[in-house]
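**Student:** Protein chains in written order, with the working numbering: chain L, 9 to 121; chain A, 37 to 148.
Dumping the structure here so I can ask a few things about it.
Here is the structure:
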């Protein structure tokens with residue numbers, strides 16, 4: 009009964025380092041999303057995918073890349089981390105359209121020094 | 037682009053008092069969702085409203101969708117400490133159902 013699983017849960021990076029955040033869902037959902045959450049800013053969409061092999065830019069895509077090679081996995085990459093990318097990152101999925109309930113992972117707390 | 041604003045940003049209430057958060061969209065929404073995020077947790081889906089003027093209740097929570105489908109509200113009657121958290125509304129992005137825009141959220145603190 010895992011739902012949406014994000015790894016890692018916490019990470020500290022130095023400026024310029026790279027890393028990949030992994031999101032895995034076991035609900036056979038088509039749509040997957042990456043959000044970042046900053047104090048007072050709500051949830052802002054970074055990138056999303058409407059199916060295996062597809063990706064699209066969201067509201068704040070700069071500095072991030074994504075891949076959806078398998079339906080159950082959605083990867084978020086930071087090629088050269090910057091302090092402005094310090095945030096809490098949430099992955100979410102929906103069955104087949106965004107107007108259905110979104111199921112969120114527990115989040116990844118990322119600090120860039 | 038589409039904007040979804042919520043007021044107030046923060047609200048402190050005494051336990052037992054009522055609480056209301058308002059959600060306003062710059063564009064007409066086909067539907068609206070509400071989520072709750074407990075401190076340190078992730079957003080959890082509460083409910084979805086679809087029809088103009090729709091009102092739905094979940095125990096002490098009452099959700100309303102405006103007649104013009106550009107605003108919504110969440111009202112909690114007789115708050116409890118378990119209601120603490122941030123409440124978000126979310127609506128489909130203009131022109132499609134591939135993504136939603138989340139509101140800025142209202143953080144509720146309940147004083148015992």
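Glycine is no exception: its CB is placed at the ideal position from the N, C-alpha and C atoms.
Going by DSSP in three states, residue 45 of chain A sits in which element: helix, strand or coil?
**Tutor:** It is coil, neither helix nor strand.
**Student:** Say whether the region 46-60 of chain A touches the region 99-107 of chain L, bearing in mind that this needs 3 or more beta-carbon pairs closer than 8 Å, one atom from each stretch.
**Tutor:** As far as the Cβ criterion goes, the region 46-60 of chain A does not touch the region 99-107 of chain L, which means the pair count is below three.
**Student:** Is the region 54-66 of chain L in contact with the region 37-45 of chain L, if contact means three or more CB pairs nearer than 8 Å?
**Tutor:** Result yes; three or more Cβ-Cβ pairs closer than 8 Å.
**Student:** Does residue 110 of chain L get closer than 9 Å to chain A when you measure Cβ to Cβ?
**Tutor:** Residue 110 of chain L counts as touching chain A.
**Student:** Closer than 8 Å is the cut-off here; do at least three beta carbon pairs connect the region 66-77 of chain L with the region 46-56 of chain A?
**Tutor:** Judged by Cβ distances under 8 Å, the region 66-77 of chain L makes no contact with the region 46-56 of chain A, as fewer than three pairs qualify.
**Student:** Mapping the DSSP letters down to three states, classify residue 92 of chain L as helix, strand or coil.
**Tutor:** Helix, per DSSP.
**Student:** Can you find the residues in the same chain that come closer than 8 Å, C-beta to C-beta, to residue 26 of chain L, ignoring five residues on each side of it along the sequence?
**Tutor:** Once the five neighbours on either side are set aside, the close Cβ partners of residue 26 of chain L are 85, 86, 87, 88, 89.
**Student:** For residue 82 of chain A versus residue 100 of chain A, is the C-beta distance shorter than 9 Å?
**Tutor:** Their beta carbons are not under 9 Å apart, which means residue 82 of chain A does not touch residue 100 of chain A by this criterion.
**Student:** Rounded to the nearest angstrom, what separates residue 72 of chain A and residue 93 of chain A at their Cα positions?
**Tutor:** About 15 Å.
**Student:** Compute the beta-carbon to beta-carbon distance between residue 133 of chain A and residue 105 of chain L, rounded to the nearest angstrom, for a pair I have assumed lies under 8 Å.
**Tutor:** Confirmed, Cβ separation roughly 4 Å.
**Student:** Classify residue 54 of chain A as buried or exposed, calling it buried when 16 or more other Cβ atoms lie within 10 Å of its own Cβ.
**Tutor:** The residue in question, residue 54 of chain A, is exposed, as its Cβ has fewer than 16 Cβ neighbours within 10 Å.
**Student:** Under 9 Å, do residue 114 of chain L and residue 22 of chain L count as touching if we go by C-beta distance?
**Tutor:** Not a contact, by the Cβ cut-off of 9 Å.
**Student:** Along the chain, where does the beta strand (DSSP E) containing residue 61 of chain A start, and where does it finish?
**Tutor:** Where residue 61 of chain A is concerned, the enclosing beta strand (DSSP E) stretches over 55-61.
**Student:** Please list, in chain order, all residues of the same chain as residue 81 of chain L whose beta carbon is under 6 Å from its beta carbon, the five residues on each side excluded.
**Tutor:** 32.
**Student:** Out of curiosity, what's the CA-to-CA distance linking residue 117 of chain L and residue 76 of chain A?
**Tutor:** Going by the C-alpha atoms only, they are around 10 Å apart.
**Student:** Among A:89, A:69, A:143, A:112, which residue has its Cα nearest to the Cα of residue 102 of chain A?
**Tutor:** It is A:89.
**Student:** In the DSSP assignment, find the beta strand (DSSP E) that holds residue 111 of chain A and state where it starts and stops.
**Tutor:** Residues 107-112.
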